[in-house]
Structure formats: structure tokens, C-alpha cells
Amino acid sequence: MSSSQKVRRVLVLWCPDWPVVSGLADAGLPDRLPAAVLEKNAVVACNGAARADGVRRGMRRRDAQSRCPELVLLEANPERDARAFEPVAAAVEELRPGVDLLRPGLLALHVPDRFYGGEVEAAAIIAERVVDLGVWDCRVGVADNLFAAEQAARQAAPQDTLIVSEGGSAGFLQGLPVEALDDPDLVGLLRRLGIRTLGDLAGLPRREVHARFGAEGARIHRLARGDDDAALALRTPPPDLVCQIGFEPPLASVETVCSSLRRTADQFVAQLADRHLVCTRVEIQVECEGVEREGVAASAQSWAHVRWFRAPDLIDRVHWQLSAQRLPGPVGLVRLIPEAIESSAAHAEGLWGGTDEDAERGIARVQAMLGYDAVVVPVLQGGRAPADRQALIPWGERPTGLRPRELPWPGSVPDPAPTRIFAEPLPAAMVGADGRVPMVSDRGAMTSAPARFSAGLTGGQPDRWQQVAAWAGPWPVDELWWEEDRRRVARFQVVGFDGRAWLMVCMDDQWWIEASYD
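So that you can map any letter, position 10 of the sequence shown is -7 in our numbering, and since no number is skipped, the others follow by simple counting.
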């Protein structure tokens, strides 16, 4: 094979259990603790210490805790994982520009073997750079294609490299179990068909695999044969968009610093606009005279914007940051670092205008005076009870970790949604057609139809009774069924003769008003 036809070999860097690594680091906990990341009450990632106690992916929360009582539970946060992995990707890009970020904890690039003297040397240098960042468990695999290189990385020892010889991908993959495909449904089907290894799958006729499994099956068959033709989606290293201004002599007045910052703020916004970009999150670093080491920020804080930063917004943030913190000395340097940049087209105003800029700045000022968590915005998420469907996030932040709205949520009340949800359910009273309190059985059956109700109690007695004009329900939910204090809750929509509608709850032989349809 001539040099012009030489296969561009692929190197994969894998940092195992990255969601756990980033979650523990974000919580300030040591990485030696057994920990697991949960999503939808199930384990999606766990570290070696947790696996040693029997915790596995897909395990329910209670089962995982029963096997490892000291297990640290972390919420899934893809944005946190990606943010924590960015320094690793940036460090690799310094050695070889252009990487393919497959997911947080896993990246690929073409092997820079000619520059570093060989594949072994290049892999060792990349691993050494990652270890210098404090990521102790990193593994490298090299092969002819992406799939084989990833599997090689997964077979490598910590801080080591496994190199599959050129043309040897098929032989390397042959002995791997079908679980390497990382598709539980497909793996279960292959197991039931008696296919245990990738070699078994590769040995099947291509036409029969395509006829049985379709285009996706044909792709999996190519992977098993070592014929992965997927090209790397190499990202272009971002330009240096950091702007800073130094003061000589250092300035002690906040107003003077902000006044001197205007040209730098304009430059920061202009260079993004030239690339059709906007900044939605910025880190502001402030260096002061008296700090022992140059380049060490005396103050560093991330700021988010509900839309995107303009020059006056940046100056405001610097003013608030300097006013809120007691710095060790006069300000010698202010640095603006874009943490999140997006296409300006995604933030263009609509045909009839956009949000009131003055209102946004006013809200931001209130937030700066009262605190980051003091100004919140309600957002909608999935849930059964109306109170569960709303979440409050700090103004300017992107919502993360919300429960998906598209899930079925059995027992949830159908539309229309109530307009007012009470912070605490109000005690109420209900009487059925037989003169007794209507109850709901374990199977969701009513003991009697609602006939009269009172929307309030005084001294434990109903305030004013009225007839039920219409009602709908029940929508039963068995809450906390896995705990000893399980609760059976049934919700009803009730309309009184006065025309007002209520969302009522029958729980523990007692009736409550949870929300109103004003």
C-alpha cells in the first residue's frame, strides 16, 4: 500500500465513568467514594468502588443502595459532564488540532504518529497530558477505524494504550462479546438467537443479516467485521475570544474600572459579531495587586444571560461582581472569557420585536442585589401532581435536570391545567350521595359519587356547603409504594354550583383542595 493510500489510523481516548468523575468533582467529594449517577430513578453510571459492591448500570435506586449503603447518589447532568470534559479536549487539541467529541469522557482523533515518532509515542504523550490535568484513569486505543479503536481503549489498562495492528481490526473484534455493541435490546435479541460474540455475528451472511435486521442490522454487521467506515466529525479549534484589560497603576475605584472597561467590552462583543456569534455565558476574572502569583484571579464568577451579552451587560456584571466582593487590593486586570457561545441566528428577534431589554437589565440588577437564587423563573417539567410539574430556576440560567414532559406519567390530571396551585393543600370536606365521605378503593373504584363539598374548614368544621354541579375522576396514584409510608392519592376535578372549579385530592381518608381553576 502506498503512502498516499495509507489508512488514517484512529486514536480513541476513554475516561471511564466520566459522569461519576465529574459529579464527584462538582460536589467536592473524593473520587475514591462509591458513587452512582441516577436518571429516572435508575443507575446510568457508577464507578469501580460501587461496582465492587455489586452496583450495576440499569439497577434501580433502592437495589443499588441495598447493595452499597454508603453509595453516593448523583443526579445526571449532561451539561456538567460536558463542561468538565472540555479542558481534557482542549489539552488534546493542543497536541493534535481537530478532535471528535463522541460524548463526555470519550473523544477520537487521527493518530499524530508522524509528528511524535510513532503511535505508541503519540498515545503516551496524550495520556501523560490528560493525567497532568488530574484525570488518573484514562485509556487509549488505536486501530484502523473508530469502533475498533473504541473497543481497544475499553480493553486497555489505566494510563495505558492498546494498539490493534493495521488490518487486524476484524481479528481483534472477533472474540469480543456482543455487549460491546452497547445496545441492550439488540444484544438481548442476538443472545436469544445464540449469537454470543462479534465473531459469531460477523460470520453470518450479509444478505441474511440485512433481510432480518434492516439497514441498522447491516451497519452492526459491518462493525463486527471491522469494516466501520464512519468518518470522524472533527471540530475546528475555537478561536481565542478572550479579552482583557490591564491597569497600570492598579485602580481602586469600581467606577473607574468599569469606565475603563468600555472599549474592551465593545471589542469582546464585536469580535463575536464578526463571526456571527453571541455569548450567553461569560466568566469574569479579576486580578488584584497584592496577589502573590501573577495570573491568579482574586475574583472569578460565571454570569449567564437570558438572551445574550451586550457591552453594557458586561460592564454591569463587572460592577456587580466588584461591588459584592471584598478584593485583596486594587484591580490590576479584568478578563472576559466566553463560556458559552451560540450562533447569532438562533437569537435573532422575531418579526414583531423581542423581549424588553430594559426589563431584562432591571431583573438582572435585582438579582445582583438579592442574590443569584433570589430571582427565579418557573418552567414546566413532567410530573403527576400540578405542583410537581413546575420547577423554579435562577433567572438567566438554562434549565437542566428537568423531568421529561413527554413521558406518559400515569395518574396525571388531563388538561386544562389549573391556574392557581396552593403551596400547601387546603383542608376540605366532601359528602357523597349516601351521606358518607366518598372514598377510593385500591382498584380506583368510588364508594359513592360526590354530592356536596366545602372548600374550607374552620376549627375542623366545614365553612359553607354547596352542591357538586359536575365532577371528573378519579386519577389515582400510588405514591412512594416502595416505602413503608406509602400513600394512595386520588385526584378529582370538581365544579360547584357557584361556577368555580377545583382540583381536589382524596388522600388518607381525607379530602384536600390542591389547586383552583380560576
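Every residue, glycine too, gets a C-beta built ideally from N, C-alpha and C.
To which residues of the same chain is A18 closer than 8 Å at the C-beta, ignoring the five residues directly before and after it?
V3, G6, L7, L12, C29, N30, A32, A33, L54, V55, L56 and L57
- C241, enclosing beta strand (DSSP E) - first and last residue: Looking at the DSSP string, C241 is not in any beta strand (DSSP E); the run it does join, the alpha helix (DSSP H), is V237 to S243.
*R300 and I267: beta carbons closer than 8 Å?*
yes
- Do you know whose CA, among A484, Q48 and I298, lies nearest R318's CA? I298
Helix or strand or just coil, what does DSSP make of D183?
helix
Among all the DSSP beta bridges, which residues are the ones paired with M422?
-> Looking at the DSSP assignment, M422 forms no beta bridge with any residue, so it has no partner.
Give the range of the alpha helix (DSSP H) segment to which D371 is assigned. It is not in any alpha helix (DSSP H) - D371 carries neither H nor E in the DSSP assignment.
Please classify S306: is it buried, with 16 or more other beta-carbons within 10 angstroms of its beta-carbon, or exposed? exposed
* With contact counted as at least three CB pairs below 8 Å, one residue from each stretch, are the stretch 139 to 153 and the stretch 117 to 129 in contact? -> Contact between the stretch 139 to 153 and the stretch 117 to 129 is present: 3 or more CB-CB pairs across the two stretches fall below 8 Å.
Nearest-angstrom Cβ-Cβ length linking P369 and E497, presumed shorter than 8 Å:
7 Å
query: Per DSSP, which one or two residues make a beta bridge with F436?
result: Bridge partners of F436: M413 and Q449.
Quick check on R190: does DSSP put it in helix, strand or coil? helix
Q: Would you identify the three-state DSSP class for P87, choosing helix, strand or coil?
A: coil
Apart from the five residues on each side of it in sequence, which residues of its chain come closer than 8 Å, Cβ to Cβ, to D425?
-> R471
message: With a threshold of 7 Å on Cβ separation, who are the neighbours of A65 within its own chain once the five nearest residues in sequence on each side are excluded?
response: P87
Point to revise | Own chain, CB closer than 7 Å to D210, minus 5 neighbours either side, in chain order | key: none
Please specify which runs of the beta strand (DSSP E), each continuous and at least 3 residues long, are wholly inside the stretch 243 to 321, giving them in chain order. 260 to 271 and 282 to 287
| When the Cα of S499 is compared with those of V460, F405 and R447, which residue comes out closest? | F405
Original post:
Once you ignore the five residues that flank P141 on each side, which residues in its own chain have a CB closer than 6 Å to its CB?
Top reply: D120
Exercise for the section: Would you mind reading off the limits of the alpha helix (DSSP H) that contains F480? Expected result: Careful: F480 lies outside any alpha helix (DSSP H) and carries neither H nor E.
* What three-state label does DSSP hand D491 in the structure shown? -> coil
- request: Could you tell me the distance, in whole angstroms, from the CA atom of S326 to the CA atom of C262?
  value: 9 Å
Whose C-alpha, out of R348, E69, T180 and E62, is nearest the C-alpha of H288? Looking at the Cα atoms, R348 is the closest of the given residues.
Would F68 and W(-3) be called neighbours here (beta carbons separated by less than 8 Å)? no
- Task: Closer than 7 Å by C-beta to D36: which residues in its own chain qualify, once you throw out the five before and the five after it? Chain order, please.
- Result: Contacts found: P17, R50 and C51.
Next on the checklist: Quick check: what's the CA-CA separation for E322 versus G312?
Outcome noted: 26 Å
Hey, how far is the Cα of A185 from the Cα of R205?
8 Å
* **Bounding residues of the beta strand (DSSP E) (the contiguous stretch that carries L(-4))** => Per DSSP, L(-4) is one residue of the beta strand (DSSP E) stretching across V(-7) to W(-3).
message = Contact between the stretch 87 to 96 and the stretch 36 to 46 is defined here as three or more beta-carbon pairs at a separation below 8 Å; is this criterion met?
response = no
For E199, is the classification buried or exposed, using 16 other Cβ atoms within 10 angstroms of its Cβ as the cut-off for buried? exposed
### Query
Would DSSP call E149 helix, strand or coil?
Coil.
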